[in-house]
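**Q**
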Amino acid sequence: MHQVGSEVFSEEAWRVLKPWEMRFDDQLARLQQMQIDIRRHLHAHPEPSGGEVETSKFVAQRLEKAGLHPWFCRSDAGNQVGVIADLEIGRPSPESPLIALRCDLDALRMPDEKTVEYASRNPGLAHACGHDAHTAILLGVALAGAAVNAEFDETAADFGGRLRFLFQPAEETSQGAQWLVDQGAMEGVQAVLGLHVDPERPAGQVGIRYGALTANCDEIEIVVEGHGGHAARPHQSTDPVAAAAHLVSTIYEFLPRAIDSRSPSVITIGKIQGGHAPNVIPERVELHGTLRTIDPASQQILKVRLQKICAGAEQSSGTKITLRFSAPLKSVENHPRMAAALEQASRRVVGPENTGMIDRPSLGGEDFSVYLDFAPGALLRLGCADQNGNPPFLHSPKFDIDERTLAIGSQIMMRAALLLAVQTPTRTGEG
14 MHQVGSEVFS EEAWRVLKPW EMRFDDQLAR LQQMQIDIRR HLHAHPEPSG GEVETSKFVA
74 QRLEKAGLHP WFCRSDAGNQ VGVIADLEIG RPSPESPLIA LRCDLDALRM PDEKTVEYAS
134 RNPGLAHACG HDAHTAILLG VALAGAAVNA EFDETAADFG GRLRFLFQPA EETSQGAQWL
194 VDQGAMEGVQ AVLGLHVDPE RPAGQVGIRY GALTANCDEI EIVVEGHGGH AARPHQSTDP
254 VAAAAHLVST IYEFLPRAID SRSPSVITIG KIQGGHAPNV IPERVELHGT LRTIDPASQQ
314 ILKVRLQKIC AGAEQSSGTK ITLRFSAPLK SVENHPRMAA ALEQASRRVV GPENTGMIDR
374 PSLGGEDFSV YLDFAPGALL RLGCADQNGN PPFLHSPKFD IDERTLAIGS QIMMRAALLL
434 AVQTPTRTGE G
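Heads up, the sequence shown is in our numbering, so the first residue is 14 and it goes up one at a time.
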């Protein structure tokens with residue numbers, strides 16, 4: 014896999030891009046403190062999925078000030094969240110491909126326990142997944158790109174590219190990508206790129222993956238209905254709590270053994286709800302969880318087996334058990350050509366020695382996969398840990414980043430996008 018990037022894109026492409034790299038890096042260096050300030054402002058003012066109203070206004074204002082013409086999207090609830098903006102670099106031809114760059118805006122519903130001046134000022138909300146950094150990185154690309162164009166000399170035009178910036182809401186709830194797609198975000202787009210900060214890598218290192226990067230995700234709801242009664246007389250009831258406890262144990266024991274152990278998968282029941290008093294057997298217990306798989310065939314096998322396990326538990330316990338799958342989210346499959354563009358761009362920014370291959374996919378979910386139904390794309394992992402070691406992981410109340418990550422991310426994303434603009438990608442070609 015290490016050779017894919019060098020085989021897909023020619024040295025001639027980088028020769029054409031070199032002057033643009035220098036211009037972009039120069040403008041980005043001038044914006045360095047502004048980019049850090051943007052990230053800290055966003056970190057201090059987190060908003061939840063679907064409620065990123067002020068965040069979207071902030072992004073749009075920054076883009077407008079730079080001379081771009083952003084437009085807003087809306088959530089299913091009608092909130093004005095999500096921003097899209099286009100930018101032409103150099104002098105593109107009518108045939109120049111449109112390359113989309115995506116970030117996410119939303120924060121998590123959890124406390125921020127850091128003692129820094131930019132800690133969350135909105136109780137119960139925190140940017141513990143790095144979306145503030147993603148937004149600052151993409152704004153860095155847009156603002157520096159606009160600044161390059163402002164100083165552009167028409168007589169030196171030997172290249173042109175078209176970029177679309179997708180500032181997406183509601184990634185944590187896996188809704189926002191579909192909102193943007195439904196409102197035309199991917200119309201005319203021929204490639205889409207993204208990134209996610211990675212606290213398991215130090216700042217200055219990048220992880221590239223060819224093929225499956227994240228998991229297929231299915232939300233699970235299981236309702237166990239019995240016949241309630243007095244806790245001292247269980248023989249007069251049909252206990253849904255006992256049935257639910259047995260069901261969870263059975264699922265954990267037997268579901269993983271239904272497929273080849275070499276195929277990554279996991280099921281987790283994260284919520285159990287039922288009952289109102291310690292001396293009352295309730296009528297109903299609800300289980301909520303998630304099923305994560307990489308291989309679609311394994312996904313189908315596990316869903317069928319889970320149905321059979323529920324049917325068996327229903328028969329043995331005398332309860333009624335209803336299983337429902339919802340909110341399916343497909344795996345992010347990094348396209349070889351798109352991943353190669355990210356790999357080559359990373360090598361130019363952080364060096365080959367700091368550009369590593371990700372050998373196994375994650376069982377996390379990412380609605381970046383929604384865009385891949387409309388154009389080939391790829392997502393990279395961007396190291397963000399400081400040099401002190403033992404960084405807080407994603408979704409930790411103490412999560413933070415080494416802010417050198419911001420400029421690095423912007424440099425990689427711009428280079429990869431312009432590289433694709435030089436050599437137009439196709440949906441099926443792999444170079």
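Positions of the beta carbon are idealized from the N, C-alpha and C atoms, including for glycine.
On a predicted model such as this, the values are computed, not experimentally measured, just so you know.
Can you look up His259 in the DSSP assignment and give me helix, strand or coil?
**A** Numbered from 1 along the sequence shown, position 246 holds the residue referred to as residue 259. Here His259 sits in helix by DSSP.
**Q** Give me the Cβ distance between Val205 and Arg115, rounded to the nearest whole Å; I'm assuming they're in contact under 8 Å.
**A** Residue mapping note: residue 205 aligns to position 192 of the sequence shown, counting from 1. Residue mapping note: residue 115 aligns to position 102 of the sequence shown, counting from 1. That pair is a contact at about 6 Å.
**Q** Mind checking His209: buried by the 16 CB within 10 Å criterion, or exposed?
**A** For the purposes of this step, residue 209 is identified with residue 196 of the sequence shown, where counting begins at 1. It is buried - the Cβ of His209 has at least 16 other Cβ atoms within 10 Å.
**Q** Pick helix, strand or coil for Thr128, following the three-state DSSP scheme.
**A** The count along the sequence shown starts at 1 and reaches residue 128 at position 115. Three-state DSSP puts Thr128 in coil, outside helix and strand.
**Q** Suppose the cutoff is 6 Å on Cβ atoms and the five residues either side in sequence are ignored; what does the same chain contact list for Glu416 look like?
**A** Translated into positions along the sequence shown, residue 416 becomes position 403. Same-chain partners within the cutoff: Ile49.
**Q** Helix or strand or just coil, what does DSSP make of Gly189?
**A** Locating residue 189 in the sequence shown gives position 176, where the first residue counts as 1. Residue state, collapsed to three classes: helix.
**Q** With a threshold of 8 Å on Cβ separation, who are the neighbours of Ile314 within its own chain once the five nearest residues in sequence on each side are excluded?
**A** As a first step, residue 314 must be located in the sequence shown, where it is residue number 301. Around Ile314: Ala271 and Ile272.
**Q** On the three-state DSSP scale, how would you describe Cys397?
**A** Taking the first residue of the sequence shown as 1, we reach residue 397 at position 384. Reduced to three states, the DSSP call for Cys397 is strand.
**Q** Starting from Asp99, trace the beta strand (DSSP E) in both directions and tell me its first and last residue.
**A** If you number the sequence shown from 1, residue 99 lands on position 86. Here the beta strand (DSSP E) through Asp99 covers Gln93 to Gly103.
**Q** Out of Glu379, Gly174, Pro105 and Pro136, which has the shortest C-alpha to C-alpha gap to Glu341?
**A** If you number the sequence shown from 1, residue 341 lands on position 328. Strictly speaking, residue 341 in this sequence is Pro, with Glu absent from that position. Nearest option by C-alpha distance: Glu379.
**Q** Would a C-beta distance cut-off of 8 Å place Ser69 and Gln93 closer than the cut-off?
**A** Numbered from 1 along the sequence shown, position 56 holds the residue referred to as residue 69. Numbered from 1 along the sequence shown, position 80 holds the residue referred to as residue 93. A contact, by the Cβ cut-off of 8 Å.
**Q** Do Leu395 and Ile421 have their C-beta atoms closer together than 8 Å?
**A** If you number the sequence shown from 1, residue 395 lands on position 382. If you number the sequence shown from 1, residue 421 lands on position 408. Closer than 8 Å, so yes.
**Q** Tell me, to the nearest whole angstrom, how far the beta carbon of Leu118 is from that of Phe180; I am working on the premise that it is less than 8 Å.
**A** For the purposes of this step, residue 118 is identified with residue 105 of the sequence shown, where counting begins at 1. For the purposes of this step, residue 180 is identified with residue 167 of the sequence shown, where counting begins at 1. Leu118 to Phe180, Cβ: 6 Å. Contact.
**Q** Rounded to whole angstroms, what's the CA-CA distance from Phe338 to Ile235? Just pull it up for me.
**A** Residue mapping note: residue 338 aligns to position 325 of the sequence shown, counting from 1. Residue mapping note: residue 235 aligns to position 222 of the sequence shown, counting from 1. Rounded to whole angstroms, Phe338 to Ile235 spans 9 Å at the Cα level.
**Q** According to DSSP, is His289 part of a helix, a strand, or is it coil?
**A** On the sequence shown, residue 289 is found 276 positions in, with the first residue counted as 1. His289: coil per DSSP, three-state reduction.
**Q** Assign Asp89 to one of two classes, buried (16 or more other C-beta atoms within 10 Å of its C-beta) or exposed (fewer than that).
**A** As a position in the sequence shown, residue 89 is number 76, starting the count at 1. Exposed, because fewer than 16 other Cβ atoms sit within 10 Å of the Cβ of Asp89.
**Q** Write down every uninterrupted run of the beta strand (DSSP E) in the stretch 31 to 111 whose length is 3 residues or greater and which is fully enclosed by it, in chain order.
**A** Runs of the beta strand (DSSP E) inside the stretch 31 to 111: 84 to 87 and 93 to 103.
**Q** Looking at the unbroken alpha helix (DSSP H) that takes in Gly422, where does it start and where does it end?
**A** Counted from its first residue, the sequence shown places residue 422 at position 409. Arg417 to Val435 is the extent of the alpha helix (DSSP H) around Gly422.
**Q** Which residues in the same chain as His56 place their Cβ atom closer than 6 Å to its Cβ, once the five residues preceding and following it in sequence are excluded?
**A** By one-based count along the sequence shown, residue 56 stands at place 43. Tyr131, His140 and Asp145.
**Q** Compare the beta carbon distance of Phe22 and Gln424 with 8 Å and say whether it is the shorter of the two.
**A** Taking the sequence shown and counting its residues from 1, the one referred to as residue 22 is at position 9. Taking the sequence shown and counting its residues from 1, the one referred to as residue 424 is at position 411. No, Cβ-Cβ distance for Phe22 and Gln424 is not below 8 Å.
**Q** For Thr441, which of helix, strand or coil comes out of DSSP?
**A** The residue you call residue 441 lines up with position 428 of the sequence shown. Below a pLDDT of 50, predicted positions are generally treated as unreliable, and Thr441, at 38, falls in that range; no measurement from the model is reported.
**Q** Throw me the rounded Cβ distance for the Arg175 and Pro110 pair, which I believe falls under 8 Å.
**A** Start at 1 with the first residue of the sequence shown, and residue 175 comes out as number 162. Start at 1 with the first residue of the sequence shown, and residue 110 comes out as number 97. Sure, about 7 Å apart at Cβ, within 8 Å.
**Q** Taking the straight line between their C-alpha atoms, what separation do you get for Arg53 and Pro215?
**A** Translated into positions along the sequence shown, residue 53 becomes position 40. Translated into positions along the sequence shown, residue 215 becomes position 202. Roughly 20 Å separates the two Cα atoms.
**Q** For Asp252 versus Ile221, is the C-beta spacing smaller than 8 Å?
**A** As a first step, residue 252 must be located in the sequence shown, where it is residue number 239. As a first step, residue 221 must be located in the sequence shown, where it is residue number 208. No, the pair does not count as a contact, with Cβ atoms beyond the cut-off.
**Q** Which residue comes first and which comes last in the alpha helix (DSSP H) that contains Lys333?
**A** Locating residue 333 in the sequence shown gives position 320, where the first residue counts as 1. Unbroken run through Lys333 is the beta strand (DSSP E), Lys333 to Leu342; no alpha helix (DSSP H).
**Q** Could you pull out every residue in the same chain whose Cβ sits closer than 7 Å to the Cβ of Lys127, ignoring the five residues on either side in sequence?
**A** What you label residue 127 is simply residue 114 of the sequence shown in a count that begins at 1. Only Lys411 and Asp413 meet the Cβ criterion.
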